[in-house]
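The numbering of the sequence shown is our numbering, which starts it at 153 and goes up by one.
Heads up, the beta-carbon is just placed ideally off N, CA and C, and yes, glycines get one too.
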Amino acid sequence: MSRGARRDIAPESLPITLDPEGIEVEYADGRNVFYHGVPQAVDTTVRSGPGKEVHVLVTDPAGQEGVVVYVNDRKTHDEILQDAGVGRVIIEPGQQEQLFPGVDALHENYRIQISADPGVARGRVFVFIEDDLGEASYEIVGAD
Numbered sequence: 153m154s155r156g157a158r159r160d161i162a163p164e165s166l167p168i169t170l171d172p173e174g175i176e177v178e179y180a181d182g183r184n185v186f187y188h189g190v191p192q193a194v195d196t197t198v199r200s201g202p203g204k205e206v207h208v209l210v211t212d213p214a215g216q217e218g219v220v221v222y223v224n225d226r227k228t229h230d231e232i233l234q235d236a237g238v239g240r241v242i243i244e245p246g247q248q249e250q251l252f253p254g255v256d257a258l259h260e261n262y263r264i265q266i267s268a269d270p271g272v273a274r275g276r277v278f279v280f281i282e283d284d285l286g287e288a289s290y291e292i293v294g295a296d
């Protein structure tokens, strides 16, 4: 593995707070991150723009804890993610990977597409897409 290469990292279950202004995640190292705004409800799929950061949060049914995975994050060092309890999945162009049961990620045309069935995931599925200019949040609610 080259010095700059990044690898897949399994996530840990982390405490979360669903708030009217957004979603707060408490990392295992004691830091907190707040995803601003009420997530936009979508049926089954979210597609990022090219070059955007994509984070996926799948909660337990009660919405009190969840797992976070960064998709194709090549900036954050492995040790930082491991200390925080955040996972990472690297997906090659044209490939698809299951992040969790009922949650898939596809890397296509420099974009990441997240598809989910919350019934199979057995919890809520949130997707956060961000870059230096802003952030957007979505909740995949299912086709029904």
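Nearest neighbour of residue i, chosen from the options [CA to CA]
{"i": "D212", "options": "P253, G286, G201", "result": "P253"}
{"i": "D225", "options": "I264, E176, G182, L170", "result": "I264"}
{"i": "V277", "options": "K204, D269, S200", "result": "D269"}
{"i": "D171", "options": "A288, F186, D195", "result": "F186"}
{"i": "V190", "options": "F280, L251, A162", "result": "F280"}
{"i": "V194", "options": "Y179, A180, S267", "result": "S267"}
{"i": "Y179", "options": "R159, V238, V272", "result": "V238"}
{"i": "R274", "options": "A162, G201, V293", "result": "V293"}
{"i": "R158", "options": "Y222, T197, E173", "result": "Y222"}
Cβ neighbour criterion (16 or more within 10 Å) applied to residue i
{"i": "Y262", "result": "exposed"}
{"i": "R183", "result": "exposed"}
{"i": "E291", "result": "buried"}
{"i": "K204", "result": "buried"}
{"i": "I232", "result": "exposed"}
{"i": "R240", "result": "buried"}
{"i": "V177", "result": "buried"}
{"i": "V272", "result": "exposed"}
{"i": "S289", "result": "buried"}
{"i": "L285", "result": "exposed"}
Residues that residue i bridges to, as DSSP identifies them
{"i": "V198", "result": "I266"}
{"i": "Q192", "result": "Y290"}
{"i": "G174", "result": "D171, H188"}
{"i": "V272", "result": "Answer is none; V272 lacks a bridge partner."}
{"i": "E282", "result": "E205, E287"}
Does the segment 159-172 come within contact of the segment 207-226, defined as at least 3 CB pairs closer than 8 Å?
yes
My parser needs the beta strand (DSSP E) runs of 3 or more residues fully inside the segment 218-260; what are they?
239-241, 248-252, 255-260
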